[in-house]
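Asks: Pasting in a structure now, in structure tokens, and then I'll have a few things to ask.
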Amino acid sequence: MTKIIVPIGPQHPLLKEPVSFQLTVEGEHVTESAMRLGYVHRGIERLCQERTYVQNIHLLERICGICSHVHTTTFCQGVEALLGVKLPSRALYLRALLCELERIHSHLLWLGVLALNIGFDTIFMYAWHDREVVLDIMEDLSGGRVSHAVNIVGGVRFDLTDDRRVTLLRQLNGLEEQVRILLGVVEHEQTLQARTRNVGRLSLEQIRRYCVVGPVARASGLDVDLRRDMPRPPYDGLTFQVPVRQEGDVWARTLVRMLETVESVHLCRQMLDLLPPGPVSTRVSRRVPAGEVVSRTEAPRGEVVYYIRSDGSDKPARVKVRTPTLTNLITLPSQLENVNMADVSVVLSGVDLCIACADR
Amino acid sequence: MGFSLRSIVYLLPQVWRVLRAGPLTVQFPFAPPELQEGYRGQVVVDAARCRGCSLCVRDCPAFALELEREGREEYRLIYHPDRCAYCGQCELSCQFGAIRLSNTFTRATADRDTLTRVLVDRRPSPPPLDE
Amino acid sequence: MLFKLLIFPGFLFLLLCAFVFDWVDRRMLARFQGRVGPPWYQPVADFIKLPTKEDTLPQGVNATVAAALPMLALAAVLTASVYVPVAGVVSASFEGDLIVVLFLLSLPALTYFLAGWISVGVYSILGGHRSLLQYFSYEVPFLMAVAGPAVLSGSWSIASIVAYQAQTTWGAVMQPLGFVLAVVGLIGKLKRDPLDIPKAKSEVVSGSLTEFSGRKLALWRLSMNMQTVVGIFLLVNLFFGESRFFDVLPAFPVFGLKALSILLLLATASAIYARLRIDQLADLGWRILAPLALLQILANVGIGG
Amino acid sequence: MNRLLRQLHLFEEIFSAFQAAFPDDPLTVQAMPIDETFVTLAPEHIHEACEILVERFDFYHLSTITGLDTGAAVELFYHFWNAYGITLRTALPYTALRIATLTDFIPGAAFYERELYTMLGVVFEGHVNLQPLLQPDDWDGSHPLRKT
């Protein structure tokens, strides 16, 4: 059979962000793949060196259009460690609350994208409608739907009244009902399973060698979650499950993400119940003492790592950002080997591409 | 693989439920957008409170604010909405509560030149307002 | 005769139906998904918009063939419509017209494949391949399912099948399995969700039609929409023929109601299923649908014979 | 507290393993905030040290490799993680910006090394595909994160 080269990207209906794949296809069979990154490289690491810490928070928030809050959280956590300040515990709770809301939003968005890519428009609409509930909550709490700009070095910028807390708990109950419907679809719906089972399989050994993080790793049996394994307040005081599956295919990733969404709703509820009183921020100096720090958090897609080095001025000397998508992208060539052309969309959705994150 | 009649038509009951509940979306350009109370929109300024300290200009991450200073008390605070990221940092940086992001939705415009706005004008002879 | 060909149940009526069915379909799907859906004039607006767009073709494509293919598809569908009765009114009819209609309705699939074949884009070629594979998967069960009523009534004329149902009862009641298979086959024929494999957006962009634009694309769209209408009308005639239970109501609204019910079935199917893979469709077609269709025909021989 | 003790214990073991493997290297260890430990090594020992970490102590997860131009040298940081973070740091002089690749036993390091190669000009010896990662096709070969 003749070989043809099918370009996927930089612009293609399958991709939501520019990245390029060159697939060598025989009939309907993909034999080889090559990937090209860098279409949305904005040089954020370099820009960080030329802005103050205050400005950097807003810059780093724009690395990702989905998990923006977790980036600023990681950055602030690192800078606060350099400064040696201890945050009021209410601030930590509110920060984590928004992180968990963001996880729900990210996973629902991802489910919608997967559904769209396998031609399941209804689930796409449902998932994105439920995500809209989360976005509305976040907009009300922080002022922005995606870019919240609530983190400051030394705390957060928003507070929660008691009335709002009660309505929020009610909204979360409704949300859980909706998420459970979607979870049921993932568990039982026949055509969705037909498309996602046994596709893009990664073994535990591959996962470990490729240093894969997040739901992709957990779907292959790697039991790792920084919220649990590096317990920091407030997560050390909360109870939650880390869903792990052994199958390692796209279906397992879907299930893991949906189960995580349910867990996140539980976490939000716990945090609202345990929300301690007190101030939401402390005053800190604009200059950060010289030093270096590695800050890690569990983003919706996995571990986010920031390396921050300060030279004592109000601008960082180096900010290194490692986003989870970059690690997961490395696995794509081995996942794309010997798959059906129709499964390419499933495989690419399965790793939860966030090219803006990977390119920075 | 669990194969049952229910798994073949799993979504049917849900689809009927949604059908009965009616549409959930709004027709945006024809209907107003749904805004939350905490929404951070248009930048407004209380000119009387502004002291021209330029703290907001220093902290603005998008370089959307500009202070043209002609003397100690003579200055203009200029705002470029085309650069603004609506992050609200200026609101936080302002020590006098002069600048605020209001709960108003700002629509997109095709005309960039009309965007630049003078928020505070403290020049010796400000031009007449009716012009 | 000319009135029948051009106005009712001919071209103009079909055009109107194509727009109405397109709108109803989109609206129903939107409501299933919790959306508002397009206003009633949207299909017309779409159809007017497309011819005003620039009509381009990639280099190396035979312009005559590219222009002829959508017209051929449209002509085949229109010719088929001549033999399909609408509420008992039919332009032409003879013993064996069902076979002609089935043949004419499979012509668009061939033109669709050729459209991909002559095109130079990779997506078009992939889409063309897929449409042919899909054709082999759905066509046999569809033909067998549609042959069921003919076997039952002992005639290959659509009018006699309708008349036979008037004496007994709806074909869908006598052969429910055959009806379900025919609907599945129709979905495959119309390349609708969940069997829109040849034009799956996330995989092959727009399949065979990726390189088409302007007037040609408008013609393609029109032929697809008309195919939907003719296919649904055919199923109504074969499986929901005139029944004595509805004799009290005028024939035309009843016919419309039946056609829209089948459209509702199609819309529901697109709402509740994900797109299948081409090998899964071949599996479904040959391992499940074809044997079931054979079973139905055997049962029909038993009843009718 | 238990966690902290385990951490101390583990790092003592790692440190003595390093000392045994590289007797001539003046190793330094720093405890950093947020559960992180920095170990400074000579560049030629990095590959073996990483192998010890991965094979003997099961620090299977290489979080990333950070590169940093201090103005005097190019520093590299290998961030490993397994419940605790450990970072191996080394400094390469401008005259010899070469270091052995980790991709032979950690294929996941491929992208980080490619990025460092383009951003700072560090050559990873043995890397099978040392191509630009983020730069466009007409990249002029300059290194954006270099100070000079």
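Chains as they are written, first to last, in this note's numbering: chain A, 784 to 1143; chain B, 14 to 144; chain C, 8 to 312; chain D, 5 to 152.
Backbone N, C-alpha and C define an ideal beta-carbon position, used for all residues, glycine too.
On the three-pair Cβ rule with 8 Å, is the segment 811 to 825 of chain A touching the segment 1075 to 1082 of chain A?
Replies: No, they do not touch.
Asks: Under 9 Å Cβ-Cβ, which residues of chain A neighbour E79 of chain B?
Replies: Counting from 1 along the second sequence, the entry for residue 79 of chain B is found at position 66. None at all; the shortest Cβ gap to chain A is about 15 Å.
Asks: Need the endpoints of the alpha helix (DSSP H) that E52 of chain D sits in, please.
Replies: Residue numbering aside, residue 52 of chain D sits at position 48 when the fourth sequence is read from its first letter. First-last of the alpha helix (DSSP H) with E52 of chain D: 50 to 55.
Asks: Compute the distance between the beta-carbons of S1064 of chain A and A874 of chain A, then report whether it is under 7 Å.
Replies: Here residue 1064 of chain A refers to the residue found at position 281 of the first sequence. Here residue 874 of chain A refers to the residue found at position 91 of the first sequence. Closer than 7 Å, so yes.
Asks: Determine, for I56 of chain D, whether the minimum Cβ-Cβ distance to residues of chain A falls below 7 Å.
Replies: What you label residue 56 of chain D is simply residue 52 of the fourth sequence in a count that begins at 1. No, no contact with chain A.
Asks: In terms of residues, what are the limits of the alpha helix (DSSP H) holding A123 of chain B?
Replies: Against the second sequence, residue 123 of chain B aligns to sequence position 110. A123 of chain B -> no alpha helix (DSSP H), and no H or E assigned at all.
Asks: Three-state secondary structure (DSSP) at G71 of chain D?
Replies: If you number the fourth sequence from 1, residue 71 of chain D lands on position 67. Residue state, collapsed to three classes: strand.
Asks: Residues in its own chain within less than 8 Å of P46 of chain B by CB, not counting five upstream and five downstream?
Replies: For the purposes of this step, residue 46 of chain B is taken as the residue at position 33 of the second sequence. Contacts found: V39, F118.
Asks: Among D:A77, D:I103, D:F128, whose alpha-carbon lies nearest the alpha-carbon of K151 of chain D?
Replies: For the purposes of this step, residue 151 of chain D is taken as the residue at position 147 of the fourth sequence. Of the listed residues, the one whose Cα sits closest to K151 of chain D is D:A77.
Asks: I'd like to know whether the C-beta of H971 of chain A is nearer than 7 Å to at least one C-beta of chain C.
Replies: As a working mapping, residue 971 of chain A is identified with position 188 in the first sequence. Closer than 7 Å: no.
Asks: Where T921 of chain A and L892 of chain A are concerned, what is the direct C-alpha to C-alpha distance, given to the nearest angstrom?
Replies: Your numbering for residue 921 of chain A matches position 138 in the first sequence. Your numbering for residue 892 of chain A matches position 109 in the first sequence. Rather than Thr, the amino acid found at residue 921 of chain A in this sequence is Met. Going from the Cα of M921 of chain A to the Cα of L892 of chain A covers about 15 Å.
Asks: Can you tell which of B:R19, B:L48, B:R30, B:S67 has its C-alpha closest to the C-alpha of E915 of chain A?
Replies: As a working note, residue 915 of chain A is residue 132 in the first sequence. Measuring from the Cα of E915 of chain A, the nearest candidate turns out to be B:L48.
Asks: Closest to D1094 of chain A by C-alpha separation, out of D:P111, D:L106, D:D73, would be which residue?
Replies: By 1-based counting over the first sequence, the position of residue 1094 of chain A is 311. Of the candidates D:P111, D:L106, D:D73, the one whose C-alpha sits nearest the C-alpha of D1094 of chain A is D:D73.
Asks: State yes or no: is the beta carbon of P46 of chain B nearer than 7 Å to at least one beta carbon in chain C?
Replies: Start at 1 with the first residue of the second sequence, and residue 46 of chain B comes out as number 33. So, not an interface residue.
Asks: Quick check on the DSSP output: the alpha helix (DSSP H) that includes T856 of chain A runs from which residue to which?
Replies: For this step, residue 856 of chain A is matched to residue 73 along the first sequence. Looking at the DSSP string, the run of the alpha helix (DSSP H) that includes T856 of chain A is 851 to 866.
Asks: Please say whether L36 of chain C and A297 of chain C have beta carbons closer to each other than 7 Å?
Replies: Translated into positions along the third sequence, residue 297 of chain C becomes position 290. Translated into positions along the third sequence, residue 36 of chain C becomes position 29. No, these two residues do not count as a Cβ contact at 7 Å.
Asks: Here's the rule: buried if 16 or more other CB atoms are within 10 angstroms of the residue's CB, otherwise exposed. What is E144 of chain B?
Replies: The count along the second sequence starts at 1 and reaches residue 144 of chain B at position 131. Bear in mind that a pLDDT of 44 at E144 of chain B, under 50, signals an unreliable position, so the number given afterwards is only what the model happens to contain. E144 of chain B comes out exposed.
Asks: Please report the straight-line C-alpha distance between M14 of chain B and L797 of chain A, rounded to a whole angstrom.
Replies: On the second sequence, residue 14 of chain B is found 1 positions in, with the first residue counted as 1. On the first sequence, residue 797 of chain A is found 14 positions in, with the first residue counted as 1. Note on M14 of chain B: pLDDT 42, under 50, position unreliable in the model; the coordinate value appears next. The alpha-carbon atoms of M14 of chain B and L797 of chain A are separated by roughly 28 Å.
Asks: With DSSP as the reference, identify every bridge partner of Q805 of chain A, one or two as the case may be.
Replies: The sequence position of residue 805 of chain A within the first sequence is 22, counting from 1. Answer by DSSP bridge pairing, in chain order: A:P790, A:A817.
Asks: Distance check for E1086 of chain A and N133 of chain D, CA to CA, integer angstroms please.
Replies: As a working note, residue 133 of chain D is residue 129 in the fourth sequence. As a working note, residue 1086 of chain A is residue 303 in the first sequence. Distance between the alpha carbons of N133 of chain D and E1086 of chain A: 26 Å.
Asks: For T41 of chain D, decide whether its Cβ has a neighbour in chain A, counting only Cβ atoms nearer than 7 Å.
Replies: Taking the first residue of the fourth sequence as position 1, residue 41 of chain D is located at position 37. It does not; no Cβ of chain A falls within 7 Å.
Asks: Excluding the five sequence neighbours on either side, which residues of its own chain have a C-beta within less than 7 Å of the C-beta of L267 of chain C, listed in chain order?
Replies: On the third sequence, position 260 is the one that residue 267 of chain C refers to. V31.
Asks: For V1077 of chain A, list the residues DSSP reports as bridge partners.
Replies: Here residue 1077 of chain A corresponds to residue number 294 of the first sequence, with the count starting at 1. Partner(s): A:Y1090.
Asks: Scan the segment 48 to 92 of chain B and note each continuous beta strand (DSSP E) run of 3 residues or more that stays entirely inside, going in chain order.
Replies: For the segment 48 to 92 of chain B, whole beta strand (DSSP E) runs of length 3 or above, ordered along the chain, are 56 to 58, 78 to 82, 88 to 92.
Asks: Tell me, please, whether the segment 981 to 998 of chain A touches the segment 89 to 97 of chain D by the rule of three or more beta-carbon pairs shorter than 8 Å.
Replies: Flag = no, the segment 981 to 998 of chain A and the segment 89 to 97 of chain D do not touch.
Asks: Alpha carbon to alpha carbon, how far is P47 of chain D from I103 of chain D? Give it in angstroms, no decimals.
Replies: In the fourth sequence, residue 103 of chain D corresponds to position 99, counting from 1. In the fourth sequence, residue 47 of chain D corresponds to position 43, counting from 1. Rounded to whole angstroms, I103 of chain D to P47 of chain D spans 7 Å at the Cα level.
Asks: I'd like to check one pair, L132 of chain B with L90 of chain B: are the Cβ atoms closer than 7 Å?
Replies: The residue you call residue 90 of chain B lines up with position 77 of the second sequence. The residue you call residue 132 of chain B lines up with position 119 of the second sequence. Yes; because the gap between Cβ atoms is below 7 Å, this pair is in contact.
Asks: Consider the Cβ of E210 of chain C: report whether some Cβ of chain A lies at a distance smaller than 7 Å.
Replies: Here the question's residue 210 of chain C lines up with position 203 in the third sequence. Yes, its Cβ sits closer than 7 Å to a Cβ of chain A.
Asks: Say whether chain A places a C-beta atom closer than 7 Å to the C-beta of E144 of chain B.
Replies: Residue numbering aside, residue 144 of chain B sits at position 131 when the second sequence is read from its first letter. Below a pLDDT of 50, predicted positions are generally treated as unreliable, and E144 of chain B, at 44, falls in that range; no measurement from the model is reported.
Asks: Run the CB neighbour count on P46 of chain C, radius 10 Å, all protein chains shown included, and call it buried at 16 or more, exposed below.
Replies: Counted from its first residue, the third sequence places residue 46 of chain C at position 39. Exposed is the call here.
Asks: Can V1130 of chain A and Q1118 of chain A be called in contact, C-beta distance under 7 Å?
Replies: Counting from 1 along the first sequence, the entry for residue 1130 of chain A is found at position 347. Counting from 1 along the first sequence, the entry for residue 1118 of chain A is found at position 335. Cβ distance < 7 Å, so V1130 of chain A and Q1118 of chain A count as in contact.
Asks: Buried or exposed: which applies to D904 of chain A, given that a residue is buried once 16 or more other Cβ atoms fall within 10 Å of its Cβ?
Replies: Within the first sequence, residue 904 of chain A is the residue found at index 121, counting from 1. D904 of chain A is buried by the Cβ-count criterion.
Asks: With respect to the beta strand (DSSP E) encompassing A35 of chain D, which residues constitute its N-terminal and C-terminal limits?
Replies: Within the fourth sequence, residue 35 of chain D is the residue found at index 31, counting from 1. 32 to 36 is the span of the beta strand (DSSP E), which, as asked, contains A35 of chain D.
Asks: Nearest chain C C-beta to S1128 of chain A closer than 7 Å, yes or no?
Replies: Position 345 of the first sequence, counted from the first residue, corresponds to residue 1128 of chain A. Closer than 7 Å: yes.
Asks: Counting pairs of Cβ atoms below 8 Å between the segment 98 to 113 of chain B and the segment 50 to 66 of chain B, do you hit three or more?
Replies: Counting Cβ pairs under 8 Å, three or more are found: they touch.
Asks: Count the other CB atoms, across all protein chains shown, that sit within 10 Å of the CB of D946 of chain A; report buried if there are 16 or more and exposed otherwise.
Replies: Start at 1 with the first residue of the first sequence, and residue 946 of chain A comes out as number 163. Flag for D946 of chain A reads exposed.
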